[in-house]
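S.K.: Position one of the sequence shown corresponds to residue 6 (my numbering), numbered consecutively onward. Cβ atoms here follow ideal geometry from the backbone N, Cα and C, with glycine treated the same way. Source: prediction; values computed, not measured.
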Amino acid sequence: MSNERFEDALQHVRTASCPSELRITDMKICEIGAPFSTAVIKLETNQGIEGYGQVREGSDRTYAVMLKRFLLGENPCDVDKLFRRIKQWGWHSHQGGGVSGIEVALWDLAGKAYGIPVWRMLGGKFRDKIRIYCDTDIHGKHDGTNMGNVLKERIEKRGYNIVKMDLSCSELCFGVPGAITYPTDVLARDDEETQAIRKMFRQDFMNDPQISRDERVKLIAARNA
6 MSNERFEDAL QHVRTASCPS ELRITDMKIC EIGAPFSTAV IKLETNQGIE
56 GYGQVREGSD RTYAVMLKRF LLGENPCDVD KLFRRIKQWG WHSHQGGGVS
106 GIEVALWDLA GKAYGIPVWR MLGGKFRDKI RIYCDTDIHG KHDGTNMGNV
156 LKERIEKRGY NIVKMDLSCS ELCFGVPGAI TYPTDVLARD DEETQAIRKM
206 FRQDFMNDPQ ISRDERVKLI AARNA
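1. For the alpha helix (DSSP H) that contains G103, what are its first and last residues?
2. G153: buried (16+ other C-beta within 10 angstroms of its C-beta) or exposed?
3. Where does P122 land, buried or exposed, given buried means 16+ other C-beta within 10 angstroms?
4. Would you report the Cα separation of Q105 and I29, rounded to the nearest angstrom?
5. For I37, which residues in the same chain have their Cβ closer than 7 Å to its Cβ, ignoring the five residues on either side in sequence?
6. I think G102 touches V60, with their Cβ atoms under 8 Å apart; what is that distance to the nearest whole Å?
7. Between K73 and D31, what straight-line distance do the alpha-carbon atoms span, to the nearest angstrom?
8. Which residues does DSSP list as the beta-bridge partners of G58?
9. Do I167 and A118 have their CB atoms nearer than 8 Å?
10. How should V181 be labelled, buried or exposed, when 16 other C-beta atoms within 10 angstroms of its C-beta is the threshold for buried?
11. If you reduce the DSSP assignment to three classes, tell me which class E161 lands in.
12. Is it buried or exposed for Y138, if we count other Cβ within 10 angstroms and need 16 for buried?
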């Protein structure tokens, strides 16, 4: 194929932009509450398309802002290259929110640039439907009956048929210097509260123990039994 025909063919490729010339020009952050404080990332480009990601809930926008200098002037379609450049500043839990949020924004831009769904770029469709569960907001709900009422209301109003309940230590550790795990008696107390919640309704039920069921807590409970 001659260069002339090749260039002509490129002009008829269905894209939303010219991906090879796409460059990141700015990154902006907007903080919203839903219900936790959440920082939404917007990557702007020289071709007018934008990519969005999220610094996970309850995290700090700084985890994303500090990585801006590694992105400006780069092609967002080079997702893997840019991810490898910034991943050393990510860690587990909330401290990885900046890296993961930027990666999502890069994929969003790449999909828009090429005019195809991101799931297609990541390997294609695996199933037509997925089951969505109802999560919980534990803050301020200190007993099983109160939590059960909240879950029941969400299920009845929104049509969920499966629930995941948080068993988090955060409520008990606020204001306790150096506290990182549950007191040992809370293990038994959690079981009591969970049973109280189960009595409120009959749906599939999952527990999210977070760090409250780690090996350290199990060993402490066994030692004091």
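M.R.: Considering the structure as presented:
1. G102 to Y119
2. buried
3. Exposed: under 16 other Cβ atoms inside 10 Å.
4. Note on identity: in this sequence residue 105 is Ser, with Gln being the wrong assignment. Rounded to whole angstroms, S105 to I29 spans 17 Å at the Cα level.
5. T43 and V45
6. Between V60 and G102 the Cβ distance is about 4 Å, and since that is below 8 Å, they are a contact.
7. 8 Å
8. I46
9. no
10. With a pLDDT of only 49 at V181, under 50, the local geometry of the prediction cannot be trusted, and no value is derived from it.
11. helix
12. exposed
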